[in-house]
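Residue numbers (the working numbering), protein chains in the order written: chain A, 1 to 315; chain B, 316 to 953.
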């Protein structure tokens, strides 16, 4: 049974399809917003299978084993995260997960990108990984504060002070309605909408994979299957982050038919993608490294702290 | 027979030190003596595990058989309860592994008989400190270990900065020892006894101005030993100058000895941990240490100095957790203490291996060593992920306990300040990860400079202790329930229940007779949030990775499609892409990484740069200011 969860739903196959679909819809919509036609929605899937058939070149200066394994580690941790986030109220390992564990699991894909870049032996990759680390530091602070404030809000209502467990959050949303309907959590929701593009690495916060500045940063020496897996990681991360947002802030609906629930969940994920990723990506340019850091540690963290204080005061 | 094991564990280390002096010139004999001494000490400690940890006894050993007469403890005693044994295990493991590492590591230096003598004296001093039950005995041991550590810091006296670092350590160390001595003297003059258990009872509800002053002095003295803020700059200097095996002892073991002293003072001697302002000041010191340690580490250019600043940060975690005075907090703190010894020891040993192979620890000069030293790189990565707290390594478990403890304390006491401690702890964890990514990129990945093209992998005698430490790191992360059951929970129980200790040392019923009431125990109930079963996690990860390898193998003949360079290395297809620049101009030095982060915090870093001036008078001034502040503060709150 575990193998079914890992490989089919909500594991590998589901994430694969959902992530690549989200990536494709995002690309199409960005193109339309920029008055282009854009690629077909299934283009990321075509790209993935194309890359699988290409040659993998390992540069002379690279540390070979780390170079080849890094992408798979990221993929494994993303699929593991998918098993813990409640998708339409169902999570494969309910009760085992905690918000802190999800938080840590979400840093592993970024670390795998960093490891891959470090192993390339390229100076562009070196600069890219330090930028990726700065991005990681930037969005971790508001993300932590958001999760703590959700834990406190749910804990307040369910009695018991705080909770770190996803099952309790889902149960809370089933009885009290989505968390975003609490007005004190709206700043946290906005902060989370800002955290999503930074974590995924899309404009204006894509300082790590800056094509024009550092030639794709950590991915500069990659080709073939490892590159395919890294692109897949990027797409699945889009799905994971929007799914996290949906299950944390917009949960609590249920039509009774599981397949329909999953479909509605996916449509909401698409909507979140459009709001927080696509719109920003289509109209902005890239920020500088220090601007990203300052923005996240002042504005976004400020919003999250506002929510934390409001929740603490019992509102 | 088992009664004698504590004193034997200490004695055999000192005996080894003296024997090393006698047979110093003969290398083989000297190595045998040193190894036998460390091994014997560890064996004695290991034999104590079953009666103390599992059966719950407390072993008391009165030196010279001077048992208490008429309820008055005149003799020196060694007490081994669960907390003592916890720290003794920590000390013996670290000493054994660092000692075995130093056989090969120090083989290029001369006058090694002095090194090993001092090393064994240092180990004996620390072992004596954690096993003693008498305040003046603790002071003596603190003096022994301070002077041994100072001498060992200056051991490579031809290298630049070693003597200076040793001198600074001496000054600050003596300030700490003097505080402990004055505090001990004051207590002796008031109560005419030096035994911890007896003092604990006599001090109960009996605080006078003199004893409050003694409390402050003792607390400051042990805080100096633990190298928390504001005494931390000296540790960075000392660790950078000392040989790496000694750095392991200084940053992993001596700091824990300081933490042990602090626990004894506040939890046992003065039993004042239920005072909220005292918890606040300890948590504040811990949080400042965490933050300052990691931000200073991000700015460093020297490998070992960077590791030393991370030590300060992790000891800040331990201090914060212990300052919470909840059972969960103390559990997290003690677990993190032993985890820190393991992963920081591993990291310092890796630094030593890099130094042995290349002769430098400057991050700007190193690079690309993973190709020549793959096992060392793998061990370093294990240590780096452990310290950053990534699952499934040991740092994750202890940090999770600490986060949960601080947040629950915030909820329980309605004080949002502790929630900010949780946030700071999490952010410091990410910054720790950042710092180690920078180090691994600067040292192990990136480009291999020409002068290091011929370095060889670390010799096997040095690699074995590193692998053992890595295995312990992974093991402590995968099997936390065994660690908790056999090591941590008994120690936490010992911390929270003072009565057990007093009854065993002074005889049962002593506390009731003198103080007129039984010793109350703190509550040791706590529940872990969530169910963390690392074995199932690892199984999950393994399943997923297997699944992927199956998929990728079936998706194309993977191995055939991966192309590497031909052995002669001339095909330009395998060059790294430089967009036209020449190779030698394109190395990104270690200190150039994280430019954006350092730019944003440049005001903070400028202030810190000026504050850490390197002038020892400044550091001594900080120490005295801290002491005065604590005196005033404690007089106000008690």
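Where is the CB? At the ideal position from N, CA and C, for every residue including glycine.
Taking residue 610 (chain B) as reference, the option from B:919, B:719 and B:937 with the minimal CA-CA separation is B:919. Against residue 114 (chain A), the close residues of chain B are 752, in the order they occur along the chain (beta-carbon pairs closer than 7 angstroms). Minimum Cα-Cα distance from residue 367 (chain B) among the listed residues B:806, B:442 and B:520 corresponds to B:806.
In terms of Cα proximity to residue 403 (chain B), the closest of B:353, B:458, B:538 and B:450 is B:353. If you check the CB distance, residue 665 (chain B) and residue 695 (chain B) come in under 7 angstroms.
Within the stretch 159–225 of chain A, the alpha helix (DSSP H) runs of at least 4 residues that lie entirely inside it are, in chain order, 166–176, 186–200 and 211–214.
Taken through DSSP and simplified to helix, strand or coil, residue 141 (chain A) comes out as helix. Judged by DSSP in its simplified three-state form, residue 426 (chain B) adopts coil rather than helix or strand. Residue 183 (chain A) counts as exposed, since fewer than 16 other C-beta atoms from the protein chains shown sit within 10 angstroms of its C-beta. At a C-beta separation below 9 angstroms, residue 212 (chain A) has no neighbours in chain B, since its nearest C-beta there lies roughly 12 angstroms away.
Nearest neighbour of residue 129 (chain A) by Cα position, chosen from A:142, A:148, A:109 and A:144, turns out to be A:109. Among the residues facing chain B, residue 304 (chain A) is not included, as its CB has no counterpart in that chain under 7 angstroms away. Non-local C-beta neighbours of residue 644 (chain B) in its own chain, meaning closer than 6 angstroms and more than five positions away in sequence, comprise 636 and 720, ordered along the chain. Three or more Cβ pairs closer than 8 angstroms define a contact, and the stretch 300–311 of chain A meets that threshold against the stretch 189–199 of chain A. In the three-state reduction of the DSSP assignment, residue 494 (chain B) falls in the helix class, which pools H, G and I.
Within chain B, no C-beta atom comes nearer than 7 angstroms to that of residue 46 (chain A); the closest sits roughly 15 angstroms away. In the three-state reduction of the DSSP assignment, residue 543 (chain B) falls in the coil class, being assigned neither a helical nor a strand state. Under a criterion of Cβ atoms nearer than 9 angstroms, no residue of chain B is adjacent to residue 295 (chain A); the nearest Cβ is some 10 angstroms distant. Nearest CB-CB separation between residue 187 (chain A) and chain B: not below the 7 angstroms threshold. Rounded to whole angstroms, the separation of the alpha carbons of residue 485 (chain B) and residue 461 (chain B) is 8 angstroms. Each of B:705, B:333, B:413 and B:756 was checked against the Cα of residue 348 (chain B), and the nearest Cα belongs to B:333.
In the DSSP assignment, residue 803 (chain B) falls outside any alpha helix (DSSP H) and carries neither an H nor an E. Leaving aside the five residues that flank residue 29 (chain A) on each side, the residues in its chain whose CB is nearer than 7 angstroms to its CB run, in chain order, 274 and 278.
Ranking A:88, A:41, A:24 and A:51 by CA distance to the CA of residue 248 (chain A) puts A:88 first. When only Cα atoms are considered, residue 548 (chain B) and residue 934 (chain B) end up about 8 angstroms apart. Listed in chain order, the non-local C-beta contacts of residue 323 (chain B) below 7 angstroms within the same chain comprise 359, local neighbours out to five positions each way being set aside. One alpha carbon belongs to residue 754 (chain B), the other to residue 427 (chain B), and they sit about 31 angstroms apart. Taking a 10 Å sphere around the C-beta of residue 131 (chain A), we find 16 or more other C-beta atoms and assign the residue as buried. Across the set A:191, A:25 and A:228, the C-alpha of A:228 shows the shortest separation from the C-alpha of residue 49 (chain A). Residue nearest to residue 80 (chain A) within the set B:541, B:492 and B:860 is B:860 (criterion: CA-CA distance). In chain order, 98, 100, 101 and 104 make up the part of chain A whose C-beta sits under 9 angstroms from the C-beta of residue 715 (chain B).
Within the stretch 754–775 of chain B, the residues whose Cβ lies closer than 9 angstroms to any Cβ of chain A are, in chain order, 755, 756, 757, 759, 760, 761, 762 and 763.
Under the three-state reduction of DSSP, residue 375 (chain B) is assigned to strand. Among the bridge pairs identified by DSSP, residue 71 (chain A) is matched with none.
Residues are counted here when their Cβ sits less than 7 angstroms from a Cβ of chain B; for the stretch 229–256 of chain A the count is zero. Residue state for residue 770 (chain B) is assigned as coil, using DSSP reduced to three classes.
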